[in-house]
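Numbering (full-length UniProt numbering), first residue to last: 1 to 400.
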Amino acid sequence: MRSAIILFVNLNIDFSEIERGPGLWIFNNKLLDDEDFVNKINRLIETEKQCPLYDEEPLVWYDNLKYKIKQLAKVIAQDKSRAEKSEYFKIQREFEKNSLAVADNEIVDLNKFEEVKLKLKCHEENICKGAILRSKAHWAIDGDKNSKYFLQLEKYKQNCNVIKELKNSDNNIVTSTEAILDEVHKFYKDLYSCTSINKDKANEILNFISEKVSEDDTENIEAEFSLDDIKAALFSMSKNKSPGPDGLTVEFFCHFFHSFGEIFLKIFKATEEEKLMTRSMRHGIITLVYKNKGDKNMLKNFRPISLLCVDYKIMARIMSNRLKFVLLKLISIYQTCCIPGRDIADTTASIRDLIEIIENDDLEAFLIKVDQEKAFDKVDHDYLYLVLEKFGLVQNSFSG
């Protein structure tokens with residue numbers, strides 16, 4: 001018979017010497033349940049539409065609107081948080097007072113005591129839900145009440161994302177905030193910098209491409225965005241995800257789509273005309289997530305994840321949805337990954353069958369496996385536009 005020993009280790013880590021930045025604001029989705037907040041946002045949007053910039057400089061107007069929404073949401077959220085904390089402490093004191101009275105055999109209004117316990121339970125459940133959301137504990141089930149555990153999990157995950165030291169190009173460990181930031185800047189500047197290509201050689205290779213999109217497909221891809229396109233893209237996005245630098249969530253835009261639908265139409269049209277997105281839509285936040293393999297002091301073992309604004313992702317998703325219909329016509333049957341209707345397991349089966357043919361027919365062959373580091377990050381845009389042009393796709397649709 002085997003016995004299991006379970007050890008509980010309480011690990012305290014001091015991060016006091018690590019300099020932290022100001023953090024990023026994220027819209028609190030709980031505000032969407034506040035009728036007063038919703039009414040204020042609706043009034044703010046209607047008031048801002050009267051501003052001359054709405055028609056004269058819609059891209060500037062739009063970023064100003066998002067800034068004012070952010071400021072209003074921050075003020076209301078802070079006021080609500082202070083009020084909720086004050087109420088929570090008040091209920092705690094009342095609960096403790098009644099509990100002591102019961103312990104001392106004093107007369108207590110049991111109905112009132114039960115009411116206090118119920119209020120306290122509701123507050124603690126809300127605290128727990130917030131901790132679960134921030135800790136990204138997707139496996140948590142409804143009814144989990146151990147808020148202390150989830151609060152600790154939240155802090156643990158935050159601490160795991162803190163980079164305390166890095167190896168520089170000389171393979172030396174650097175620990176100061178300035179030196180770490182310098183290494184991060186150099187690494188990603190090199191990663192995202194353009195690499196010049198030989199256009200003659202590129203065109204020589206691309207001459208092997210014979211497939212092109214049809215006129216009907218081109219017309220569909222080039223069509224102006226409709227309200228239905230925007231709504232389908234927005235409402236198909238996953239909820240409870242980290243937003244971009246503007247802090248506004250998918251849930252926020254879904255809730256106020258009755259106002260933002262027409263605004264998006266106006267902004268996207270202005271973007272197409274000016275060949276330029278708004279300032280906030282052109283910004284993103286890169287967060288680094290350790291891959292759980294390799295030396296944690298080396299940046300190549302971190303996965304960079306770009307957090308982009310919801311409005312930008314709406315545009316990208318609409319174009320992606322339109323391109324899905326032509327991918328099957330343009331991409332070889334031998335590429336199965338990320339193509340609707342194809343399964344990457346088919347590639348494994350094809351390789352297995354190919355090996356069997358080689359062995360049965362006693363053929364000479366080479367199997368080559370290539371894994372390019374940071375492949376998607378290193379795609380040269382000039383080359384990408386050459387490929388699009390070769391397929392008959394208009395560059396203007398993808399370069400805004």
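In this text, a Cβ means the ideal position worked out from N, Cα and C, and glycines have one as well. Quick caveat: nothing in here was measured; it's all calculated off a predicted structure.
Considering just the uninterrupted stretch of the beta strand (DSSP E) at residue i, what are its terminal residues?
i    : result
R93  : No beta strand (DSSP E) holds R93; the alpha helix (DSSP H) holding it covers 58-103.
T287 : 284-290
Residue j and residue i - do their beta-carbons sit closer together than 9 angstroms?
i           : j    : result
D311        : T336 : no
K212        : F391 : yes
S280        : D33  : no
L227        : L265 : yes
I333        : S306 : no
A270        : P52  : no
K263        : L65  : Lys is not the amino acid found at residue 263; the sequence shown has Ile there. Yes. Within cutoff.
N321        : A179 : no
S259        : E35  : no
G284        : L248 : no
E87         : V116 : no
I91         : L120 : yes
residue 434 : F113 : The first residue shown for the chain is 1 and the last is 400, placing residue 434 beyond what the model contains.
L166        : M298 : yes
E373        : K300 : yes
K186        : D382 : no
G244        : K313 : yes
Mapping the DSSP letters down to three states, classify residue i as helix, strand or coil.
i    : result
I318 : helix
F366 : coil
V387 : helix
I197 : coil
V174 : strand
K231 : helix
L308 : strand
L32  : helix
L166 : strand
K117 : helix
F302 : strand
C122 : helix
E183 : helix
L206 : helix
D382 : helix
F376 : helix
L327 : helix
D371 : coil
D190 : helix
L24  : coil
K112 : helix
Which stretch, first to last residue, makes up the alpha helix (DSSP H) that contains residue i?
i    : result
S350 : 345-360
R342 : From DSSP, R342 is part of no alpha helix (DSSP H); its letter is neither H nor E.
I41  : 35-48
D216 : 215-222
I believe residue i touches residue j by the beta-carbon criterion, under 8 angstroms. Please report the beta-carbon distance rounded to the nearest angstrom.
i           : j    : result
residue 427 : I41  : The requested residue 427 does not occur in the structure, where the chain is confined to residues 1 to 400.
I344        : L328 : Their Cβ separation, rounded to whole angstroms, is 15 angstroms, which puts I344 and L328 out of contact at 8 angstroms.
L31         : A73  : 6 angstroms
K164        : T175 : 7 angstroms
L386        : A202 : 6 angstroms
D377        : L191 : 6 angstroms
Practice item. Report the residue ranges of all alpha helix (DSSP H) runs contained in full by the region 249-287; include only those spanning at least 4 residues, in chain order. Key: Counting only runs of at least 4 residues, the region 249-287 fully encloses the following alpha helix (DSSP H) elements, listed from N- to C-terminal order: 250-255, 257-274.
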